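Colleague: Numbering (the numbering used here), first residue to last: 2 to 241.
Glycine residues also receive a C-beta, built at the ideal position from the N, C-alpha and C atoms.
Since we're looking at a predicted model, the values are computed, not measured.
Supplied in structure tokens, the structure appears directly below.
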Ligand code: URA
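Below is the structure:
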């Protein structure tokens with residue numbers, strides 16, 4: 002679908018007159034991609050923009066893809082009886098039934114979480130077979146020994162017998178206590194267990210990229226926004 006006037010698209014989609022839509026816009030009852038709009042004649046792309054009238058979402062997009070900056074202390078689940086979840090951080094205009102986190106971060110890990118209602122896409126980016134790297138930055142309590150780089154790059158076997166695929170590891174600071182690790186799988190506490198296994202327990206951990214897409218630095222912890230189509234595709238590409 003090509004770009005269209007906002008008032009025309011809402012009028013057709015919601016069965017309203019253009020005059021009614023203009024009145025709604027003037028009253029601040031219409032949002033595009035989570036932002037209240039003031040120009041009923043603005044151009045929108047129904048294939049990628051999410052419109053919201055009085056809190057109800059309208060979009061031609063079949064699925065929704067949201068980048069969230071997960072703060073510490075929030076669980077990566079769709080529902081939890083007692084604790085705040087990543088879905089609790091999604092504002093009403095972007096919320097959809099069926100939304101879930103594509104890949105989990107521990108409660109005490111911060112960073113990039115993708116929320117979507119597209120199960121096929123989630124499977125595609127999470128399956129280790131597709132070699133889509135997730136990039137983490139870890140602060141560790143001991144300098145990473147040179148030998149650990151090779152051990153982790155070869156793919157280690159954890160004490161409980163779990164065999165891990167090769168990881169790409171880079172030391173980022175002179176004191177060797179900040180390391181970047183790229184992995185294609187998502188086993189339970191994987192990065193923490195990998196680094197503990199080489200004698201370097203993790204102090205803080207954050208996910209910075211999924212595939213070639215970096216967490217938007219403009220997003221504060223707890224904030225989220227829709228992905229553009231180009232950004233969504235970048236998740237499926239190799240990181241540098
Ligand atoms: N590895 C971990 O140990 N924790 C996370 O949250 C993600 C990867």
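Give a yes or no on whether the C-beta atoms belonging to residue 126 and residue 178 are separated by under 7 Å.
Modeller: Along the chain shown, one-based indexing puts residue 126 at 125. Along the chain shown, one-based indexing puts residue 178 at 177. No.
Colleague: Starting from the Cα of residue 160, find the closest Cα among 182, 90, 194, 128 and give me that residue.
Modeller: One-based indexing of the chain shown puts residue 160 at position 159. Per the Cα distances, 194.
Colleague: Within the present structure, is the beta-carbon of residue 193 separated from the nearest heavy atom of ligand 1 by less than 6 Å?
Modeller: The residue labelled residue 193 in the question sits at position 192 within the chain shown. Within the cutoff, so yes.
Colleague: Could you check if residue 79 is buried or exposed, using at least 16 other CB atoms within 10 Å of its CB as the buried criterion?
Modeller: As a working note, residue 79 is residue 78 in the chain shown. It counts as exposed.
Colleague: Tell me which same chain residues have a C-beta within less than 8 Å of the C-beta of residue 219, skipping the five on either side of it?
Modeller: Residue mapping note: residue 219 aligns to position 218 of the chain shown, counting from 1. Excluding residues within five positions, none has a Cβ falling inside 8 Å.
Colleague: Reducing DSSP to helix, strand and coil, say where residue 14 ends up.
Modeller: Locating residue 14 in the chain shown gives position 13, where the first residue counts as 1. Helix, per DSSP.
Colleague: Using three-state DSSP, classify residue 193 as helix, strand or coil.
Modeller: Sequence index remark: in the chain shown, residue 193 carries index 192 (1-based). In this structure, residue 193 counts as helix in the three-state DSSP scheme.
Colleague: Can you grab the Cα-Cα spacing for the pair residue 148 / residue 137, in whole Å?
Modeller: Position 147 of the chain shown, counted from the first residue, corresponds to residue 148. Position 136 of the chain shown, counted from the first residue, corresponds to residue 137. Each residue's Cα considered, the two are about 20 Å apart.
Colleague: Classify residue 119: buried if its beta carbon has 16 or more other beta carbons within 10 angstroms, exposed otherwise.
Modeller: The count along the chain shown starts at 1 and reaches residue 119 at position 118. With 16 or more other Cβ atoms within 10 Å, it is buried.
Colleague: According to DSSP, simplified to helix, strand and coil, what is residue 110?
Modeller: Position 109 of the chain shown holds residue 110. It is coil, neither helix nor strand.
Colleague: Whole angstroms is fine: what's the gap from residue 130's alpha carbon to residue 57's?
Modeller: On the chain shown, position 129 is the one that residue 130 refers to. On the chain shown, position 56 is the one that residue 57 refers to. Distance between the alpha carbons of residue 130 and residue 57: 38 Å.
Colleague: At a cut-off of 6 Å, would you count residue 107 as near ligand 1, judging by its Cβ distance to the nearest heavy atom?
Modeller: One-based indexing of the chain shown puts residue 107 at position 106. Checking the Cβ of residue 107 against ligand 1 gives yes.
Colleague: Could you tell me the boundaries of the beta strand (DSSP E) in which residue 23 lies?
Modeller: Mapped onto the chain shown, residue 23 falls at position 22. Counting along the chain, residue 23 falls outside any beta strand (DSSP E), though it belongs to the alpha helix (DSSP H) covering 19 to 27.
Colleague: Short check: CB of residue 100 to CB of residue 115, under 7 Å?
Modeller: Here residue 100 is taken as the residue at index 99 of the chain shown, counted from 1. Here residue 115 is taken as the residue at index 114 of the chain shown, counted from 1. The answer is no: Cβ separation not under 7 Å.
Colleague: Would you call the segment 40 to 47 and the segment 5 to 15 in contact, with 3 or more CB pairs under 8 Å?
Modeller: The segment 40 to 47, when compared against the segment 5 to 15, does touch it at the 8 Å Cβ threshold.
Colleague: Are there 16 or more other CB atoms within 10 angstroms of the CB of residue 82, so buried, or fewer, so exposed?
Modeller: Locating residue 82 in the chain shown gives position 81, counting from the first residue. Exposed is the call here.
Colleague: Going straight from the alpha carbon of residue 35 to that of residue 152, what length do you get?
Modeller: In the chain shown, the residue the question calls residue 35 occupies position 34. In the chain shown, the residue the question calls residue 152 occupies position 151. When rounded, the distance between both Cα atoms is 46 Å.
Colleague: Taking buried to mean at least 16 other C-beta atoms within 10 Å of its own C-beta, is residue 191 buried or exposed?
Modeller: Translated into positions along the chain shown, residue 191 becomes position 190. Buried.
Colleague: Report all residues from its chain with a CB closer than 8 Å to the CB of residue 155; omit the five preceding and five following residues, and keep chain order.
Modeller: Taking the first residue of the chain shown as position 1, residue 155 is located at position 154. Closer than 8 Å at the Cβ level, and outside the excluded window around residue 155, lie 167.
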